[in-house]
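Working notes for the structure below.
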């Protein structure tokens, strides 16, 4: 009894002491966000909705920008030996020079003083464009000897189109180094700058290194690309008949191989093209005419050597089969 009484009294005394200690402790609530943050975030979101996003600013107008170091980094990143003076000239567009002269005249600077001691990239762009077209044409003829001239022109036109050139140029970081009057850089200005870079590389390292540069960055855009996505053929059966006539092969005969769902809203037909009792190609279609046209396209791909299961392009550093037409381009 005595021990139990002492134990209860000790526990009661400890509880009273803890209450006295807790009364002297003041608890302060800590919030993860400030009270004014909600109103500020709401106002900024409303302002963004009314005014729209801010206009993009070029990298040269942002902090920690060294143009000379960026140009040097560009050469090392591509593992090419550029002349820095030529490369800097390749990035200067005529619209940029005109804009700078107008700015200086607007500030009241004399015309002689306002003239910039800079050279634009017009000559380099023309030289690079001519070299790129010549090299890509020779490469297509060497890679697809059976392809007609109009097909070669279509492939070269696709590789030198503004869509492909701007895609490659932006991924190489050329847009950040381009000196242009507008930003984002227009596609035509970016295309001319890319061709000027090719011209600068040709004058710096020669035709062989420039050809390898075009092979690595432009020819690779053909991977996964269908021939008739680049070459528009209105009448593939007529073209097939013409090609077979040139090769003295009997004309094709279309025959229905198999079909499915002919009485439904989604029919499927397979038409095969036979020549001298041999199957040239077969193709599917929702109608007999569409299947025949697709079979003609498949046959043309086989004739031209541009099939899906063809041998992959050789992008290795050493290419012996490219030396003849690289030398022919250099001689031109």
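Numbering (full-length UniProt numbering), first residue to last: 1 to 332.
Glycine residues also receive a C-beta, built at the ideal position from the N, C-alpha and C atoms.
Distance, residue j Cα to residue i Cα
i: residue 141; j: residue 192; result: 25 Å
i: residue 248; j: residue 306; result: 21 Å
i: residue 316; j: residue 211; result: 13 Å
i: residue 221; j: residue 175; result: 19 Å
i: residue 149; j: residue 125; result: 25 Å
i: residue 277; j: residue 241; result: 16 Å
i: residue 312; j: residue 215; result: 14 Å
i: residue 380; j: residue 296; result: Residue 380 lies beyond the stretch modelled for the chain, which goes from 1 to 332, so this question has no answer here.
i: residue 144; j: residue 234; result: 21 Å
i: residue 308; j: residue 228; result: 12 Å
i: residue 198; j: residue 120; result: 15 Å
i: residue 299; j: residue 282; result: 8 Å
i: residue 106; j: residue 118; result: 19 Å
i: residue 61; j: residue 287; result: 58 Å
i: residue 21; j: residue 39; result: Note that residue 21 scores a pLDDT of 49, beneath 50, so its modelled location is shaky; the value from the coordinates is reported in the next line. Cα to Cα, residue 21 sits roughly 40 Å from residue 39.
i: residue 203; j: residue 131; result: 11 Å
i: residue 280; j: residue 273; result: 5 Å
i: residue 102; j: residue 127; result: 28 Å
i: residue 92; j: residue 75; result: 17 Å
i: residue 301; j: residue 44; result: 57 Å
i: residue 136; j: residue 263; result: 49 Å
i: residue 259; j: residue 225; result: 29 Å
i: residue 336; j: residue 171; result: Here the chain covers residues 1 to 332 and nothing more, so residue 336 does not appear.
i: residue 289; j: residue 270; result: 10 Å
i: residue 257; j: residue 173; result: 52 Å
i: residue 409; j: residue 34; result: Absent from the model: residue 409. The displayed extent of the chain is 1 to 332, so no value can be given.
i: residue 219; j: residue 189; result: 22 Å
i: residue 183; j: residue 68; result: 20 Å
Spatial neighbours of residue i in its chain, beta-carbon cut-off 7 Å, leaving aside the 5 residues before and after
i: residue 96; result: 179, 180 and 181
i: residue 70; result: 177
i: residue 187; result: 162 and 166
i: residue 232; result: none
Other residues of its chain near residue i: CB distance less than 8 Å, five sequence neighbours each side excluded
i: residue 205; result: 80, 81 and 82
i: residue 99; result: 181
i: residue 336; result: This structure does not reach residue 336, given that the chain is present from 1 up to 332, and the question cannot be answered.
i: residue 261; result: 267 and 268
i: residue 109; result: none
i: residue 65; result: 59
i: residue 123; result: 199
Inter-residue CB distance, residue i and residue j (contact presumed, cutoff 8 Å)
i: residue 410; j: residue 252; result: No answer is possible for residue 410: it lies beyond the span of the chain, which begins at 1 and ends at 332.
i: residue 200; j: residue 87; result: 5 Å
i: residue 237; j: residue 294; result: Contact doesn't hold; Cβ gap of about 10 Å is too wide.
i: residue 194; j: residue 223; result: Not a contact, Cβ separation roughly 20 Å.
i: residue 196; j: residue 90; result: 4 Å
Close beta carbons around residue i, own chain, < 6 Å, minus the five adjacent residues each side
i: residue 185; result: 175 and 178
i: residue 147; result: 304
i: residue 77; result: none
i: residue 314; result: none
i: residue 36; result: none
i: residue 129; result: 195
i: residue 285; result: 269, 291 and 294
* **At least 3 beta-carbon pairs within less than 8 Å: the segment 147-163 vs the segment 54-65** => Result no; under three Cβ-Cβ pairs closer than 8 Å.
* Those runs of the alpha helix (DSSP H) which lie wholly inside the segment 30-78 and span at least 4 residues -> 37-51 and 67-78
* Asked: Of all the alpha helix (DSSP H) runs that stay within the bounds of the segment 75-139, which reach a length of 4 or more residues?
  -> 84-90, 94-106 and 111-114
* Asked: Residue ranges of each alpha helix (DSSP H) run of no fewer than 4 residues wholly in the segment 197-222, ordered along the chain?
  -> 207-217
* For the segment 259-312, list the beta strand (DSSP E) runs that are entirely contained and at least 3 residues long, ordered along the chain. => Runs found: 268-275 and 278-285.
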